[in-house]
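Engineer: Residues in the sequence shown are numbered from 98 upward in steps of one, following the numbering used here.
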Amino acid sequence: MSTDLFCEIIAGERPAYVVSSDEVAVSFLDTRPVFKGHVLVVPRVHVETLTDLGDVGPFFERVRAMARAVEQGLGAGGTFVAMNNRISQSVAHLHVHVVPRNKKDGLRGFFWPRTKYDSDEEAQEYAGRVSGAL
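(1) Specify whether the region 146-157 and the region 125-136 touch according to this definition: at least 3 beta carbon pairs, one from each stretch, less than 8 Å apart.
(2) Once DSSP output is grouped into helix, strand and coil, what is the label at VAL227?
(3) Residues bridged to THR194 by DSSP?
(4) Quick one, are the C-beta atoms of ASP217 and PHE132 less than 8 Å apart?
(5) Determine the direct distance from the alpha carbon of PHE177 to that of ILE184, and round the result to whole angstroms.
(6) Do the CB positions of LEU231 and ALA122 come within less than 8 Å of each other?
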């Protein structure tokens, strides 16, 4: 098994604000979110890119559910759902970004400014709000 950052989170070897976890995928807050509540959905099996993933259906069912949960749990107007394959992929493990969006939130194109949570408690509160909407 690979020892990338996401594999360590999946194995419980590295802490994360987990929003959802099942036999297909693990979802957790991005530590450098574009907006608070930004979730990463990663397949439990280690694959580097989308083309490496076998049956994409079950994984994207989880991505779809997370997009709905981010909107509902955070009262967001919508979501930005994106992934990189190799280029600009900061961790070599397939991951989908689910970013809460609202009109006039300042996000333009593919420039992703990053923010931070004010505290562990604030991050846990955001994770709980999204998880509660699943």
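Backbone N, C-alpha and C fix where the C-beta goes; we use that ideal spot for every residue, glycine too.
Structural biologist: So, to answer that:
(1) no
(2) As a working mapping, residue 227 is identified with position 130 in the sequence shown. Reduced to three states, the DSSP call for VAL227 is helix.
(3) Residue mapping note: residue 194 aligns to position 97 of the sequence shown, counting from 1. Rather than Thr, the amino acid found at residue 194 in this sequence is His. DSSP lists LEU137, ALA179 as partners of HIS194.
(4) Counted from its first residue, the sequence shown places residue 217 at position 120. Counted from its first residue, the sequence shown places residue 132 at position 35. The answer is no: Cβ separation not under 8 Å.
(5) As a first step, residue 184 must be located in the sequence shown, where it is residue number 87. As a first step, residue 177 must be located in the sequence shown, where it is residue number 80. Spanning the two alpha carbons is a distance of roughly 19 Å.
(6) Indexing the sequence shown from 1 puts residue 231 at position 134. Indexing the sequence shown from 1 puts residue 122 at position 25. In this structure, ALA122 does not lie closer than 8 Å to LEU231 by Cβ.
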